[in-house]
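A short worksheet on the structure shown next.
Protein chains: 2
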Amino acid sequence: MKRFMNEPADFVRDMLEGVALANPDTLEYVPEFNLIRRKAGPSDGRVSLIQGSGSGHEPAHAMLVGPGMLDGACPGDVFAAPPLEYVLGATRSLRTPAGVVYIVNNYTGDRMVFEMASEVVRAEGIDVRTVLVDDDVAVKDSTYTVGRRGIAGNFFVIKAMGAAAAAGAPIDEVVRIGEAVNAATRSMGMALTSCSPPAKGAPLFALGESEVELGVGIHGEPGRQRTTLSSADQTVEVLLGAILAEHDVNRGDEVAVMVNGLGATPINELYILYGSAHKQLRERGIQVRRNYVGDYCTSLDMAGVSITVVKLTDEIERLLSEPAQIPIRVF
Amino acid sequence: MKRFMNEPADFVRDMLEGVALANPDTLEYVPEFNLIRRKAGPSDGRVSLIQGSGSGHEPAHAMLVGPGMLDGACPGDVFAAPPLEYVLGATRSLRTPAGVVYIVNNYTGDRMVFEMASEVVRAEGIDVRTVLVDDDVAVKDSTYTVGRRGIAGNFFVIKAMGAAAAAGAPIDEVVRIGEAVNAATRSMGMALTSCSPPAKGAPLFALGESEVELGVGIHGEPGRQRTTLSSADQTVEVLLGAILAEHDVNRGDEVAVMVNGLGATPINELYILYGSAHKQLRERGIQVRRNYVGDYCTSLDMAGVSITVVKLTDEIERLLSEPAQIPIRVF
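Chains as they are written, first to last, in the working numbering: chain A, 1 to 331; chain B, 1001 to 1331.
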């Protein structure tokens, strides 16, 4: 395992510091809580949005902080839920009279810490709510999860809630929107390789020369089966088939589609997959109205992909199209 | 080598089709010439900008087409210069009375085909010019190059020329700006792994468990030396040291810095490197005014990085900050 880092123990800190140094006007880094927060904060008193999963999924979530998106993210170490004090620190730093919403991917460890934090800060008079994300159709229960896992689909939940919060929606409404987008969102992934956590220094699992893990989790959790890599068209057929089998998307519907790289997949391959997905959905009479191709929620240096399909309503489409701004940008 | 594709021979076509399907309102795909062009074209009669290197470097260059950037790109096959007819087709498709400028990375094959094309279209009455990009300080002559190679720094040349062309600058001025930005831009890269061209199906070269290729080319060309991977801080020190040794950047100067992934490097590692670069430049009294962190010019599935430093003048800074739009986007 070769990677660009200093000490493995400093991986997350060095990364967060890099994000802050790259965005001195807009972001603030609070090392004490692994917190990346908007400098401006939710200072206008609107609802505040916080996400704090493990690290190793960048750009999710420390790089999704900005106007119209998250107000802050307080990631734990690589693939580890944030400690309670991080969540408390982040919440106190970003509290507003309108309330705070935690956006939590459905993993037992994350849920537990955010539930504990909720009890503590509620006693401090903060109106705090939680929206759970569980878009991954691959498996029902998993290594770290009861129910479905939350993966790249959380981008859409954050984007829509961020737009609503930025527009001054009250907390009940922001929560309603988050739950509606999560309910309209399904994903599934496939790994070509394992990832190698910095502190471990070795792959979490091994795949053969032409083997893939279908339905892999973003922490390397097992999926549905090990199978042989087929063509891009066939890969998309399998992933879309699994997603649509558990999705209320029908002929005539409009969708948003994300083709998400898991960390080490070149963008040319992602566009090959997008082309397949677009055409296969068209053949099913489903129109792709918005598309997202790139790395959104990764698993360190894993080569692989996940596909996400969001069923669009007028409301969701409108919220997704509102302007927003985050560290990840081209220009 | 596992990757998401259909037939290796269709790799480029499938990717370009995917790009076009993802951008139906703004881009047009002309399969005959591997051409991705702006639908609107340079229809307002301003100078037109075309880039056509080999494929495999995405987002460069087929994904850099849009308002304020390229008018079209007609890439050859993976790592291969475009055939003459592609360049002729692209030029005729995008000609305007104000003229056409080719932005060509300094590789012998690319230079040859664009020189041949220039002769042909000049005879057709098109005012055509060429701006060469040669930002890579690693080696003087290389496998496919006389002089320095052109790598990720070409993003800045395209961006500045695109802004000038969009503002209606005459062709002499657009060319002057391109040459000025190229002269102000220096880069160098490092590979952690080789890349594997789809048609070959195997790595171009081999690196040991902790070995890196310092100064690698974006087609896997050898660099300055094979050495052992050290820390992120030390890696940046070596790359920045080499760049600044051949750059007129001094204490008090302002620069733009790009930390460019070569295809399989996760964004968290790129931000670790960016943090190092920012701090090391600051220690040298050099201020980073603009930063670019992500994949801009890749080498297929190579894990690695290049760093680019642009010395900013008021003019370059202004052109880099103009709005522009390309397929690669987050929202």
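Ideal placement from N, C-alpha and C gives every residue a C-beta, glycine not left out.
Which of the three DSSP states, helix, strand or coil, is assigned to residue i?
i                         : result
arginine 1095 of chain B  : coil
glutamine 325 of chain A  : coil
glycine 1223 of chain B   : coil
glycine 217 of chain A    : coil
glycine 18 of chain A     : helix
glutamate 1124 of chain B : coil
glutamate 1209 of chain B : coil
aspartate 10 of chain A   : helix
methionine 190 of chain A : strand
valine 1133 of chain B    : strand
serine 231 of chain A     : coil
serine 998 of chain B     : Outside the modelled stretch of chain B, which goes from 1001 to 1331, sits residue 998 of chain B, for which no answer is possible.
Would you mind working out which of the options sits nearest residue i, comparing C-alpha positions?
i                          : options                                    : result
alanine 138 of chain A     : A:Pro170, A:Val104, A:Asp44, A:Arg186      : A:Arg186
valine 1293 of chain B     : B:Val1305, B:Ala1022, B:Arg1282, B:Thr1313 : B:Val1305
valine 133 of chain A      : A:Val257, A:Leu16, A:Arg111, A:Lys311      : A:Arg111
aspartate 10 of chain A    : A:Ala199, A:Thr193, A:Pro82                : A:Ala199
valine 1100 of chain B     : B:Glu1119, B:Ser1196, B:Tyr1107            : B:Glu1119
alanine 1080 of chain B    : B:Asn1250, B:Val1131, B:Arg1129, B:Ile1218 : B:Ile1218
serine 48 of chain A       : A:Pro97, A:Phe114, A:Gln280, A:Asn34       : A:Pro97
arginine 329 of chain A    : A:Asp44, A:Pro31, A:Pro59, A:Gln51         : A:Pro59
glycine 56 of chain A      : B:Lys1279, B:Thr1265, B:Asp1301, B:Arg1318 : B:Thr1265
methionine 1069 of chain B : B:Thr1227, B:Val1078, B:Ile1036, B:Asp1077 : B:Ile1036
serine 1276 of chain B     : B:Thr1313, B:His1247, B:Val1238, B:Leu1319 : B:Val1238
arginine 318 of chain A    : A:Arg289, A:Asp135, A:Gly189               : A:Arg289
glutamate 1179 of chain B  : B:Thr1145, B:Asp1135, B:Ser1142, B:Met1190 : B:Asp1135
asparagine 1034 of chain B : B:Ala1040, B:Tyr1086, B:Asp1044            : B:Tyr1086
tyrosine 1029 of chain B   : B:Arg1003, B:Arg1046, B:Asp1044, B:Val1065 : B:Val1065
aspartate 1077 of chain B  : B:Glu1209, B:Thr1091, B:Glu1032, B:Pro1042 : B:Glu1032
alanine 1117 of chain B    : B:Ile1326, B:Pro1170, B:Ala1090            : B:Ala1090
valine 1019 of chain B     : B:Met1063, B:Gly1045, B:Asn1182, B:Gly1052 : B:Met1063
serine 1043 of chain B     : B:Ser1053, B:Pro1067, B:Thr1143, B:Leu1273 : B:Pro1067
arginine 92 of chain A     : A:Val104, A:Glu124, A:Val309               : A:Glu124
asparagine 105 of chain A  : A:Lys159, A:Gly52, A:Gly72                 : A:Gly52
glutamate 1322 of chain B  : B:Phe1156, B:Ile1050, B:Leu1084, B:Gly1150 : B:Phe1156
isoleucine 1171 of chain B : B:Pro1083, B:Val1121, B:Glu1283, B:Val1131 : B:Val1131
serine 299 of chain A      : A:Leu240, A:Ser196, A:Asp233, A:Arg149     : A:Ser196
valine 1309 of chain B     : B:Gly1263, B:Gly1241, B:Phe1331            : B:Gly1241
valine 1224 of chain B     : B:Ala1165, B:Ser1230, B:Asp1141            : Going by the sequence as given, residue 1224 of chain B is arginine instead of valine. The shortest Cα separation from arginine 1224 of chain B among B:Ala1165, B:Ser1230, B:Asp1141 belongs to B:Asp1141.
glutamate 1209 of chain B  : B:Thr1228, B:Tyr1107, B:Val1128            : B:Thr1228
glutamate 1017 of chain B  : A:Glu283, A:Phe331, A:Leu270               : A:Leu270
arginine 1148 of chain B   : B:Pro1203, B:Val1128, B:Val1216, B:Val1174 : B:Val1216
glutamate 254 of chain A   : A:Gly220, A:Gly263, A:Glu315               : A:Glu315
So residue i and residue j are in contact, right, with Cβ under 8 angstroms, and what is the actual spacing, rounded?
i                         : j                          : result
aspartate 1014 of chain B : asparagine 1006 of chain B : 6 angstroms
glutamine 280 of chain A  : valine 236 of chain A      : 6 angstroms
isoleucine 307 of chain A : methionine 258 of chain A  : 7 angstroms
glycine 168 of chain A    : alanine 324 of chain A     : Wrong, their Cβ atoms sit about 15 angstroms apart, outside the cutoff.
isoleucine 158 of chain A : isoleucine 103 of chain A  : 6 angstroms
glycine 54 of chain A     : proline 75 of chain A      : 6 angstroms
alanine 160 of chain A    : leucine 320 of chain A     : 6 angstroms
glutamate 1213 of chain B : alanine 1191 of chain B    : 4 angstroms
glycine 189 of chain A    : isoleucine 151 of chain A  : 6 angstroms
glycine 1041 of chain B   : aspartate 1071 of chain B  : 6 angstroms
aspartate 301 of chain A  : arginine 95 of chain A     : No, aspartate 301 of chain A and arginine 95 of chain A are not in contact; Cβ-Cβ is about 36 angstroms, not under 8 angstroms.
isoleucine 949 of chain B : aspartate 233 of chain A   : Nothing can be reported for residue 949 of chain B, as the shown portion of chain B is limited to 1001 through 1331.
tyrosine 274 of chain A   : asparagine 260 of chain A  : 10 angstroms between Cβ atoms; not a contact.
leucine 974 of chain B    : histidine 61 of chain A    : Residue 974 of chain B lies beyond the range of chain B shown here (1001 to 1331); nothing can be said about it.
Got a sec: is the Cβ-Cβ distance from residue i to anything in chain E below 8 angstroms?
i                        : result
threonine 308 of chain A : Judged by its chain identifiers, the structure shown contains no chain E, and its protein chains are A and B.
Restricting to runs no shorter than 3 residues, where is the beta strand (DSSP E) found entirely within the stretch 25-112 of chain A? Counting whole runs of 3 or more residues, the stretch 25-112 of chain A contains the beta strand (DSSP E) stretches 27-30, 35-38, 48-51, 100-105.
If you scan the stretch 234-320 of chain A from start to end, which runs of the alpha helix (DSSP H) of 4 or more residues do you find wholly inside it? Listed in chain order, they are 267-283.
Contained alpha helix (DSSP H) runs [length at least 4] in the stretch 1151-1178 of chain B, N- to C-terminal order: Taking only runs of at least 4 residues, the alpha helix (DSSP H) segments lying wholly in the stretch 1151-1178 of chain B are 1154-1166.
Residues of the stretch 217-235 of chain A in Cβ contact with chain B at a cutoff of 8 angstroms, in chain order, please. Answer set for the stretch 217-235 of chain A: Leu229, Ser231, Ala232, Asp233, Thr235.
Contact set between the stretch 1184-1200 of chain B and chain A, restricted to residues whose Cβ is under 7 angstroms from the partner: Taking 7 angstroms as the Cβ-Cβ cut-off, the stretch 1184-1200 of chain B approaches chain A at Leu1192, given in chain order.
Could you please tell me which residues of the stretch 11-39 of chain A, in chain order, have their CB closer than 9 angstroms to any CB of chain B? If the cut-off is 9 angstroms between Cβ atoms, the stretch 11-39 of chain A has Phe11, Val12, Asp14, Met15, Leu16, Glu17, Gly18, Val19, Ala20, Leu21, Ala22, Asn23 near chain B.
Identify each residue in the stretch 61-90 of chain A for which the Cβ-Cβ distance to at least one residue of chain B is less than 8 angstroms, and report them in chain order. Shown in chain order are the members of the stretch 61-90 of chain A whose Cβ falls below 8 angstroms from a Cβ of chain B: Met63.
What residues from the stretch 267-282 of chain A come within 7 angstroms of chain B, judged by C-beta to C-beta, listed N to C? Going along the stretch 267-282 of chain A in chain order, one finds Ile267, Asn268, Glu269, Tyr271, Ile272, Leu273, Tyr274, Gly275, His278 with a Cβ nearer than 7 angstroms to chain B.
Residues in the stretch 124-147 of chain A with C-beta within 9 angstroms of chain B's C-beta atoms, listed in sequence order? Sequence-ordered contacts of the stretch 124-147 of chain A with chain B are nonexistent [C-beta pairs closer than 9 angstroms].
Mind checking the stretch 1100-1113 of chain B against chain A and listing, in chain order, the residues whose C-beta falls within less than 9 angstroms of any C-beta there? Cβ contacts with chain A: none found.
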